[in-house]
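Everything on this sheet refers to the single structure shown next.
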Amino acid sequence: MTIPNIVGAGLIVIGAGLGIGKIGGSAMDAIARQPEASGKIQTAMLIAAALIEGIGFAALFAA
Amino acid sequence: MRVKSTLLTFVFTVLLSTASWAEHHDANHDTHADPEKDIKAEIKEFIAHHLQDTHDFHLTKGVSFPLPVILWDNGFQVFSSSKFHHGETVAEHNGNFYKLYHGKVYKTDAEGTITYDDYHHAVNEKPLDFSITKNVSFILIVSVLMMWMFSRMAKSYKTNPIPTGIGRFLEPIIVYVRDDIARPNIGEKHYKRYMSFLLTVFFFVWIINLLGLTPLGVNVTNNIAVTFSLAIMTYLITTFTGNKHYWKHIFWMPGVPTPMKVILAPIELLGTIIKPFSLMIRLYANITAGHVVLMSIIGLMFIFKSWIGSPLSFGLAFALALLELLVAALQAYIFTMLSALYFGSAVEEHHDH
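If you read the sequences in order, they're chains A and B.
For the first sequence, numbering that gives the first Met the number 0 gives the first residue as 0, with consecutive numbering after it.
For the second sequence, numbering that gives the first Met the number 0 gives the first residue as 0, with consecutive numbering after it.
This is the structure we're talking about:
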């Protein structure tokens, strides 16, 4: 592992973390507003998080 | 050296051994003469070895079961992997000689010479390998286990509408997959066709992920070939059950100007491949990352040669193992969920454009 690789991996983790964090935060907001829809919101949240995670991992492999 | 690796193996094998303090103490004593770099290199090597598929089922140091090696080399060559002696010796079968090099079988001469090219890659002839390796054997074991579990459960419904035994545990999960994954994503009309695949893939991934957390050292979903096969099944089912709306949306997207349609067609076509590709990478990378981090944390015990190492490593490893327990189920759920979503897009019917 060279230094550019490590920096790249760090940037990917920051990006993916921010993205997933935002999804999680928004889902929390949404559940607080409409607790009865929490099941649907959770599903949508997991799918969105999984998609970001997939991109993140693909980038980590490239780095 | 031998004692140290025995200890390493033992600690990894019992995973969250509560007796780690004693081991740490011994390991400390034993490695006193070696520079720290050696331990780091050995831990790295151990993790790399764990992530590899092997030709024998290695339980702990000295305890391993040979598995059959099946090669296609002018006819099938079947022999036991015990002939390799963990890659140390050349195996002779029907007048042919084979040697293990980095977990792969190469055809060699009687002395086991392996020739390299400029990039230090072996250039020996590689026979086609159909061996029952560790991963394959665990896939077979899980298949048999699932077959037994679900056929027993199905049988119990014949006499009683309320399941007995393991069915009581499985029924809510099956109903969950049906009502919360398949039905809303695929639609009331078509979901039944896909239930068998979704249930199989859910339970297969889940059980095999959980087995990966046991001290057996199973790492089936760490193998990209396995996740590739799972993803290619999703791809094939999506492709072959797609109706004309699905294909129209790929090649001639309705509701956009004609120049856009031409641009969108290759992107959409690429998208059909990227979807299963991301399924493959996600499962593989999640489980691999989990195993690597867990083993590295346990390895910390041998790097920190102070009183803080063992409790720290134990606590972190315990917390991470609990997280991995969640990840095992979550990845199975995500895989099933996204598969259902792709199937749903393939059979979607009414469009209001």
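For each residue, glycine too, the CB sits at the ideal point set by N, CA and C.
Only a predicted model underlies this, so the values are computations on that prediction, with no experimental measurement involved.
Whole-Å CB distance - residue i paired with residue j, under 8 Å assumed
i         : j         : result
Val368(B) : Phe78(B)  : Since the first and last residues shown for chain B are 0 and 352, residue 368(B) lies out of range.
Gln330(B) : Val219(B) : About 13 Å; that fails the 8 Å criterion.
Glu170(B) : Pro160(B) : Their Cβ separation, rounded to whole angstroms, is 11 Å, which puts Glu170(B) and Pro160(B) out of contact at 8 Å.
Phe186(B) : Gly343(B) : Reading the sequence as shown, one finds Gly at residue 186(B) and not Phe. Sure, about 6 Å apart at Cβ, within 8 Å.
Ile280(B) : Ala57(A)  : 5 Å
Ala66(A)  : Ile22(A)  : Because chain A here runs from 0 to 62, residue 66(A) falls outside it and cannot be looked at.
Ile390(B) : Thr271(B) : Because residue 390(B) is not part of the residues shown, which for chain B are 0 to 352, the question remains open.
Outcome for residue i when other beta-carbon atoms lying within 10 angstroms are tallied against a minimum of 16
i         : result
Met44(A)  : buried
Thr226(B) : buried
Glu136(A) : Not covered by the structure: residue 136(A). The range shown for chain A is 0 to 62.
Gly166(B) : buried
His31(B)  : Here the model assigns His31(B) a pLDDT of 48, short of 50, so the residue's position is not dependable, and the following value carries that caveat. It is exposed - the Cβ of His31(B) has fewer than 16 other Cβ atoms within 10 Å.
Pro3(A)   : exposed
Asp178(B) : exposed
Thr335(B) : buried
Phe202(B) : buried
Leu198(B) : buried
Phe137(B) : buried
Pro275(B) : buried
Arg32(A)  : exposed
Val217(B) : buried
Ser277(B) : buried
Ser25(A)  : exposed
Phe56(B)  : buried
Glu35(A)  : exposed
Thr158(B) : exposed
Val176(B) : buried
Val200(B) : buried
Lys191(B) : exposed
Met27(A)  : exposed
Ala230(B) : buried
Tyr234(B) : buried
Phe60(A)  : exposed
Met152(B) : buried
Ser49(A)  : The identity of residue 49(A) in the sequence shown is Ala, whereas the question assumes Ser. Per the 10 Å Cβ criterion, buried.
Tyr156(B) : exposed
Glu110(B) : exposed
Cβ neighbours of residue i in the same chain (closer than 8 Å, five flanking residues each side left out)
i         : result
Asn27(B)  : Confidence in Asn27(B) is poor, its pLDDT being 42 and thus under 50, which makes the residue's placement too unreliable to answer from.
Arg62(A)  : The amino acid at residue 62(A) is misidentified as Arg; the sequence shows Ala. Cβ within range, chain order: Asn4, Gly7, Ala8, Ile11.
Asn221(B) : Leu50, Gly211, Tyr283, Ile286, Thr287, His290
Leu340(B) : Asn184
Leu319(B) : Gly289, Val292, Leu293, Ile296
Leu127(B) : Leu70, Trp71, Asp72
Asp116(B) : Val122
Leu139(B) : Ile131
Contacts around residue i, its chain only, beta-carbon distance under 7 Å, and the 5 residues preceding and following it disregarded
i         : result
Lys103(B) : Lys125
Ile113(B) : Lys98, Tyr100, Tyr105, Thr107, Ala121, Asn123
Ala15(A)  : Ile51, Glu52, Gly55
His54(B)  : Leu66, Val68, Ser80, Phe83, Leu99, Ser130, Thr132
Ile180(B) : Leu197, Thr335, Met336, Ala339
Asn95(B)  : Asp72, Gln76, Lys106
Leu209(B) : Ala327
Close-in-space but distant-in-sequence residues of the same chain around residue i (CB under 6 Å, 5 per side omitted)
i         : result
Ile223(B) : Tyr283
Val141(B) : Ile206, Ile207
Pro265(B) : none
Ile42(B)  : Gly298
Leu263(B) : Met252
Ala345(B) : Thr237, Thr240, Gly241, Tyr245
Thr1(A)   : none
Ile30(A)  : Ser37, Ile40
His92(B)  : Gln76, Phe78
Heavy atom of the ligand NAP within 7 Å of residue i beta-carbon
i         : result
Val261(B) : By its list of ligands, the structure shown contains no ligand whatsoever, and the ligand NAP lies outside what it can speak to.
Residues within the stretch 266-296 of chain B neighbouring chain A, beta-carbon criterion of under 7 Å: Those would be Ser277, Ile280, Arg281, Ala284, in chain order.
Residues of the stretch 205-233 of chain B with Cβ closer than 9 Å to any Cβ of chain A, in chain order: In summary, no residue of the stretch 205-233 of chain B has a CB separated from any CB of chain A by less than 9 Å.
Selection of the stretch 13-30 of chain A by Cβ proximity to chain B, strictly under 8 Å: Hits within the stretch: zero.
Interface residues of the stretch 40-51 of chain A facing chain B [CB-CB below 8 Å]: So the list reads Thr42, Leu45, Ile46, Ala49, Leu50, given in the order they occur along the chain.
Under 8 Å (Cβ pairs) to chain A, residues found in the stretch 326-345 of chain B: The residues in question are Leu329, Tyr332, Ile333, Met336, Leu337, Leu340.
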